[in-house]
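S.K.:
There are 6 protein chains.
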Amino acid sequence: MSRKQHESESRLERGTRVLSEIDGVAGENVVSSLADIAPDFARYVIEFPFGDIYSRPGLDLRAREVATVAALTALGNAAPQLKVHIEAGLNVGLTREEITEVIMQMAVYAGFPAALNGLFAAKEVFACRDAANEPSGQEHAA
Amino acid sequence: MSRKQHESESRLERGTRVLSEIDGVAGENVVSSLADIAPDFARYVIEFPFGDIYSRPGLDLRAREVATVAALTALGNAAPQLKVHIEAGLNVGLTREEITEVIMQMAVYAGFPAALNGLFAAKEVFACRDAANEPSGQEHAA
Amino acid sequence: MSRKQHESESRLERGTRVLSEIDGVAGENVVSSLADIAPDFARYVIEFPFGDIYSRPGLDLRAREVATVAALTALGNAAPQLKVHIEAGLNVGLTREEITEVIMQMAVYAGFPAALNGLFAAKEVFACRDAANEPSGQEHAA
Amino acid sequence: MSRKQHESESRLERGTRVLSEIDGVAGENVVSSLADIAPDFARYVIEFPFGDIYSRPGLDLRAREVATVAALTALGNAAPQLKVHIEAGLNVGLTREEITEVIMQMAVYAGFPAALNGLFAAKEVFACRDAANEPSGQEHAA
Amino acid sequence: MSRKQHESESRLERGTRVLSEIDGVAGENVVSSLADIAPDFARYVIEFPFGDIYSRPGLDLRAREVATVAALTALGNAAPQLKVHIEAGLNVGLTREEITEVIMQMAVYAGFPAALNGLFAAKEVFACRDAANEPSGQEHAA
Amino acid sequence: MSRKQHESESRLERGTRVLSEIDGVAGENVVSSLADIAPDFARYVIEFPFGDIYSRPGLDLRAREVATVAALTALGNAAPQLKVHIEAGLNVGLTREEITEVIMQMAVYAGFPAALNGLFAAKEVFACRDAANEPSGQEHAA
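Chains as they are written, first to last, in our numbering: chain S, 336 to 477; chain H, 336 to 477; chain U, 336 to 477; chain F, 336 to 477; chain B, 336 to 477; chain X, 336 to 477.
(1) Quick one: what's got a C-beta closer than 8 Å to B:A409's C-beta in the same chain, skipping five residues either side?
(2) From S:S345 to U:D387, what distance separates their C-alpha atoms?
(3) Quick check on DSSP: helix, strand or coil for U:S290?
(4) Please return the same chain residues whose Cβ sits closer than 8 Å to the Cβ of X:S337, not counting the five positions on each side in sequence.
(5) Terminal residues of the continuous alpha helix (DSSP H) containing X:L394?
(6) Kindly indicate which residue of S:P384, S:D371 and S:I438 has the alpha-carbon position closest to the one of B:I372.
(7) Who are the near neighbours of X:V365 in its chain, counting only those whose CB is closer than 7 Å to its CB and skipping five residues on each side?
(8) Would you give the residue range spanned by the alpha helix (DSSP H) that X:I434 belongs to?
(9) Rounded to whole angstroms, what is the Cα-Cα separation between F:E433 and B:G393?
(10) Taking Cβ positions, are H:L417 and H:L407 nearer each other than 7 Å?
(11) Cα-Cα, which of X:P384, X:F461 and X:R349 is closest to X:I421?
(12) Can you find a CB in chain U that lies within less than 7 Å of the CB of X:G428?
(13) Out of F:P374, F:T403, F:R349 and F:V404, which has the shortest C-alpha to C-alpha gap to F:R391?
(14) Could you have a look at F:V427 and say whether DSSP puts it in helix, strand or coil?
(15) Step through the CB atoms of chain H and report whether any lies within less than 7 Å of the CB of U:S376.
(16) Going by CA-CA distance only, name the one from B:F455, B:S343, B:N426 and B:G362 that's closest to X:A413.
(17) Note down the Cα distance separating S:V401 from H:A398, rounded to an integer number of angstroms.
(18) In this structure, how does DSSP classify B:D484 when only helix, strand and coil are distinguished?
(19) Using the beta-carbon count (16 or more within 10 Å), is S:G479 buried or exposed?
(20) Since B:V443 meets chain U, which of its residues come closer than 9 Å, beta carbon to beta carbon?
(21) Rounded to the nearest angstrom, what separates F:A457 and S:P374 at their Cα positions?
(22) Within the 7 Å Cβ cut-off, does X:G424 reach chain U?
(23) Just tell me which of F:N468, F:A423 and F:E436 has its CA closest to the CA of F:L451.
(24) May I have the straight-line CA-CA distance separating F:E459 from F:S367, to the nearest angstrom?
(25) Please list, in chain order, the residues of the region 381-400 of chain B that have any C-beta partner in chain H closer than 7 Å.
(26) What is the DSSP secondary structure of H:N412, reduced to helix, strand or coil?
(27) Starting from H:A377, follow the alpha helix (DSSP H) in both directions and report where the run begins and ends.
(28) For B:G472, collect the residues of the same chain with a Cβ closer than 8 Å to its Cβ; drop the 5 residues on either side in sequence, then sort them by chain order.
(29) State yes or no: is the C-beta of H:D358 within less than 7 Å of the C-beta of H:N468?
(30) What is the DSSP secondary structure of B:A405, counted as helix, strand or coil?
(31) Mind reading off the beta-carbon distance from U:A405 to X:A361? Whole number of angstroms is fine, and I expect it under 8 Å.
(32) What would DSSP say about H:D387, mapped onto helix, strand or coil?
(33) Give me the chain U residues within the contact set of X:A361, using Cβ-Cβ distance strictly less than 9 Å, ordered along the chain.
(34) Let me make sure I understand the geometry here. Which of X:G453, X:L347, X:F447 and X:T430 has the alpha-carbon closest to that of X:P384?
(35) Among X:G411, X:G424, X:P415 and X:E363, which residue has its Cα nearest to the Cα of X:Y480?
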């Protein structure tokens with residue numbers, strides 16, 4: 336519902352809103368890490384991917400994160416961003432099992448090493464969450 | 336339902352069944368095109384991707400095709416297989432709009448040329464289907 | 336001069352203006368080819384790459400086209416877009432020799448096949464221009 | 336034996352000699368196709384890959400062509416060069432079966448689409464040779 | 336001889352046997368590292384690559400490792416798997432010189448950075464083996 | 336001026352001269368790091384890229400480094416070499432702003448993750464230079 340495109344909202348506002356729904360902490364980290372070298376790019380990262388693309392109504396966020404985890408696993412050269420989107424996938428309601436299935440499937444399209452390295456990235460993200468979420472270890476504890 | 340793993344079924348039988356649900360014609364084309372050069376590989380193409388991976392219960396076929404269309408668009412070097420899976424996505428219930436959204440999103444992760452070439456592939460597949468499905472042009476005409 | 340960011344201009348207006356300076360025909364072709372499948376993406380293609388990036392003052396258009404021809408040659412999976420940017424490079428003042436040098440250099444970073452395929456793309460673009468510009472064959476005939 | 340590095344030979348002479356042992360026709364085609372756009376690059380293509388690398392004594396030409404066919408299949412974005420090296424592999428003594436095995440193996444490291452497209456390239460090369468070598472169809476007919 | 340496909344053997348048994356001939360320790364590491372996240376994938380890693388592909392009779396294991404080291408060097412995005420296969424290459428009888436030649440050759444097909452990073456990976460593997468095999472430092476000490 | 340190709344100079348001498356103009360320290364590091372594993376390759380790294388390509392008169396070194404930084408950012412799998420060429424770009428007269436612009440532009444052609452990882456590499460190089468050049472922090476202090 337919150338992805339609805341409010342008429343009065345700027346792309347930056349919309350992007351910030353959608354990104355915070357997906358992964359607010361990662362978004363803030365990217366913005367702050369770019370502040371001293373390419374502050375405009377921090378804005379672009381929010382405006383185009385999140386203000387323009389992820390906020391479009393034609394595909395739900397779960398499917399969008401399936402697509403992104405698949406692509407980043409297959410490309411195999413952007414480990415930090417893959418971890419952010421494994422986290423994001425969990426945030427928008429994908430289960431660990433679903434994310435693991437997406438990554439395993441990439442063995443078919445990008446080879447076993449890409450899938451293995453994707454699984455090791457997922458294992459790291461899951462372990463971090465378990466450490467942070469103790470004692471429950473559940474993504475969406477009631 | 337038909338993806339359920341029957342105990343008595345071989346991987347080849349299961350893969351053939353799942354592949355025929357996704358895209359029987361494309362599957363038969365691959366098998367026949369490999370018959371004179373690598374017949375064992377035709378079997379592997381059915382057994383591992385479809386008998387092992389796509390038939391797993393942890394992710395539905397719609398999400399699997401989202402993942403595959405995303406990865407093949409992002410990799411950008413397998414146009415024939417991308418077209419097969421755009422077709423397959425329609426076959427398992429994705430709408431043209433959803434497939435178009437997945438491909439557009441790849442501009443974020445693999446650049447605009449990859450997304451553009453993916454959209455042109457989709458345009459070709461959609462046009463073929465329209466030509467074949469006249470006069471209705473609908474994916475799932477009643 | 337025309338890349339200056341006019342305050343009152345929208346991103347789409349600015350992008351259209353910059354794109355027409357670089358390669359108006361190619362821009363129009365992309366927009367019209369996307370009209371029936373992804374019209375919003377046609378707008379994004381103008382807004383982000385040309386309205387946001389190419390219009391930035393920190394790097395001149397000749398250097399921007401050097402960068403783009405280099406990247407597309409190295410990636411090796413986007414031949415149509417490489418040709419557009421070889422054309423664009425000539426339009427913004429690069430010589431055929433400079434473009435050829437950029438492409439040859441990619442042998443070092445992406446291998447000889449990528450450089451060879453880039454040179455063959457350049458050869459095609461140059462031949463098209465020669466055919467169109469007869470009898471002069473000069474990029475910037477007075 | 337002919338790969339031995341003769342002291343008095345230039346890199347270009349040595350490269351030409353080794354290339355003609357591997358695939359003289361393809362070599363001549365590349366040189367002539369570059370003559371009007373990048374003649375120096377035609378020289379580099381012979382000097383570094385063939386004069387420096389393929390002529391080194393530490394690995395035989397059969398193993399070198401196994402490596403090249405594997406890499407070009409896996410990269411998946413240089414179909415013309417892959418065909419040249421499938422041809423070259425046959426010329427230096429690899430069998431069709433061995434080349435097919437190398438390409439199939441790439442499914443493990445670069446995914447099934449890369450392997451499939453490699454097999455289709457091989458099929459084309461084998462068919463051309465059969466057409467040219469009728470009635471024998473043998474690579475090394477006595 | 337041990338790669339012969341025994342009729343009564345399962346793919347998992349055959350894969351385990353072939354993998355242990357190539358690199359038993361690395362195989363066990365992959366299996367145990369996947370145990371808590373994707374145990375089925377650990378099985379697939381053994382079954383398809385090793386039970387189906389490496390165990391095929393049409394290409395010897397030395398040539399198979401030449402192909403794999405070449406592909407992983409060229410792709411350049413799977414350093415851990417490249418190291419495993421440099422190790423595996425030594426295990427099946429390739430010399431350090433032969434492996435170094437394969438990697439150097441990739442400069443031609445994937446660029447100098449890919450070859451350099453491959454050589455640094457090899458250097459690390461060789462140093463580890465030297466440290467482990469002291470005082471002899473020989474791969475196949477009698 | 337110093338890139339002029341002296342008749343009497345060998346490729347190795349010319350490459351060493353050009354490389355030292357671009358980045359002498361990095362060149363020496365590569366040579367010494369290859370000394371024990373592939374000393375011939377250390378020579379090739381100087382001869383072909385620097386003795387043959389960078390020393391060609393048709394493109395100035397600033398444009399050559401724009402091309403290289405663009406390609407390595409887009410490929411996204413050679414971080415050490417990207418850092419060397421960001422450094423090299425500064426050495427031949429590109430400003431930090433120009434390098435940052437080139438990297439940002441790669442978001443268009445290779446996706447946002449590639450551009451982000453390129454920016455983080457640049458940030459590291461700039462910080463190292465600031466630490467080394469204190470108190471001035473200027474690339475070309477008078």
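Just so it is clear, CB atoms sit at the ideal spot from N, CA and C, and this is done for glycine as well.
M.R.: Quick look at the numbers:
(1) Taking the first residue of the fifth sequence as position 1, residue 409 of chain B is located at position 74. Within the same chain, B:A409 has close Cβ partners M441, Y444, A445 and A449.
(2) By 1-based counting over the first sequence, the position of residue 345 of chain S is 10. By 1-based counting over the third sequence, the position of residue 387 of chain U is 52. Taking the straight line from one Cα to the other gives about 15 Å.
(3) What the structure shows of chain U is the stretch from 336 to 477, and residue 290 of chain U is not part of that stretch, so it cannot be assessed.
(4) The residue given as residue 337 of chain X occupies position 2 in the sixth sequence. Per-residue confidence for X:S337 stands at a pLDDT of 47, beneath the threshold of 50, marking its modelled position as unreliable; the derived number appears in the next sentence. Hits under 8 Å: R352, V353 and E356.
(5) For the purposes of this step, residue 394 of chain X is taken as the residue at position 59 of the sixth sequence. It is not in any alpha helix (DSSP H) - X:L394 carries neither H nor E in the DSSP assignment.
(6) Taking the first residue of the fifth sequence as position 1, residue 372 of chain B is located at position 37. For B:I372, the nearest C-alpha among the options comes from S:I438.
(7) The residue you call residue 365 of chain X lines up with position 30 of the sixth sequence. Contacts found: A377 and V380.
(8) Stepping through the sixth sequence from its first residue, residue 434 of chain X is reached at position 99. Start and end: R431 to A445.
(9) Residue numbering aside, residue 433 of chain F sits at position 98 when the fourth sequence is read from its first letter. Residue numbering aside, residue 393 of chain B sits at position 58 when the fifth sequence is read from its first letter. So the two alpha carbons sit approximately 6 Å from each other.
(10) Within the second sequence, residue 417 of chain H is the residue found at index 82, counting from 1. Within the second sequence, residue 407 of chain H is the residue found at index 72, counting from 1. Going by C-beta atoms, H:L417 is nearer than 7 Å to H:L407.
(11) Position 86 of the sixth sequence, counting from 1, holds the residue named residue 421 of chain X. Residue X:F461 is the option with its Cα nearest to X:I421.
(12) Position 93 of the sixth sequence, counted from the first residue, corresponds to residue 428 of chain X. With 7 Å as the cut-off, X:G428 does not count as an interface residue toward chain U.
(13) In the fourth sequence, the residue the question calls residue 391 of chain F occupies position 56. For F:R391, the nearest C-alpha among the options comes from F:R349.
(14) If you number the fourth sequence from 1, residue 427 of chain F lands on position 92. Reduced to three states, the DSSP call for F:V427 is coil.
(15) Reading the third sequence from its first residue, position 41 is the one you call residue 376 of chain U. In the sequence as displayed, the identity of residue 376 of chain U is Phe instead of Ser. Yes, contact with chain H.
(16) Here residue 413 of chain X refers to the residue found at position 78 when the sixth sequence is read from its first residue. Answer by Cα proximity: B:F455.
(17) On the first sequence, position 66 is the one that residue 401 of chain S refers to. On the second sequence, position 63 is the one that residue 398 of chain H refers to. Those two C-alpha atoms are separated by around 7 Å.
(18) This structure does not reach residue 484 of chain B, given that chain B is present from 336 up to 477, and the question cannot be answered.
(19) No answer is possible for residue 479 of chain S: the residues shown for chain S start at 336 and end at 477.
(20) Along the fifth sequence, one-based indexing puts residue 443 of chain B at 108. The answer, in chain order, is A442, G446, F447 and P448.
(21) Along the fourth sequence, read from residue 1 onward, the residue named residue 457 of chain F stands at position 122. Along the first sequence, read from residue 1 onward, the residue named residue 374 of chain S stands at position 39. Roughly 50 Å separates the two Cα atoms.
(22) Locating residue 424 of chain X in the sixth sequence gives position 89, where the first residue counts as 1. Residue-level contact by beta carbon fails for X:G424 and chain U, as no gap is shorter than 7 Å.
(23) Along the fourth sequence, one-based indexing puts residue 451 of chain F at 116. Closest option to F:L451, Cα to Cα, is F:E436.
(24) Position 124 of the fourth sequence holds residue 459 of chain F. Position 32 of the fourth sequence holds residue 367 of chain F. So the alpha carbons of these two residues sit roughly 23 Å apart.
(25) F383 and D387
(26) Translated into positions along the second sequence, residue 412 of chain H becomes position 77. In the structure shown, H:N412 adopts coil according to DSSP, grouped into three states.
(27) Walking along the second sequence from the start, residue 377 of chain H turns up at place 42. Counting along the chain, the alpha helix (DSSP H) containing H:A377 begins and ends at P374 to V380.
(28) For this step, residue 472 of chain B is matched to residue 137 along the fifth sequence. Below a pLDDT of 50, predicted positions are generally treated as unreliable, and B:G472, at 45, falls in that range; no measurement from the model is reported.
(29) By one-based count along the second sequence, residue 358 of chain H stands at place 23. By one-based count along the second sequence, residue 468 of chain H stands at place 133. No, they are not a contact pair.
(30) Start at 1 with the first residue of the fifth sequence, and residue 405 of chain B comes out as number 70. Note: B:A405 maps to helix in three-state DSSP.
(31) Counting from 1 along the third sequence, the entry for residue 405 of chain U is found at position 70. Counting from 1 along the sixth sequence, the entry for residue 361 of chain X is found at position 26. About 20 Å separates the two Cβ atoms, so there is no contact after all.
(32) Residue mapping note: residue 387 of chain H aligns to position 52 of the second sequence, counting from 1. The answer is helix: DSSP assigns H:D387 an H, G or I state.
(33) As a position in the sixth sequence, residue 361 of chain X is number 26, starting the count at 1. At a C-beta separation below 9 Å, X:A361 has no neighbours in chain U, since its nearest C-beta there lies roughly 14 Å away.
(34) Counting from 1 along the sixth sequence, the entry for residue 384 of chain X is found at position 49. When each option's Cα is compared against that of X:P384, the closest is X:L347.
(35) Absent from the model: residue 480 of chain X. The displayed extent of chain X is 336 to 477, so no value can be given.
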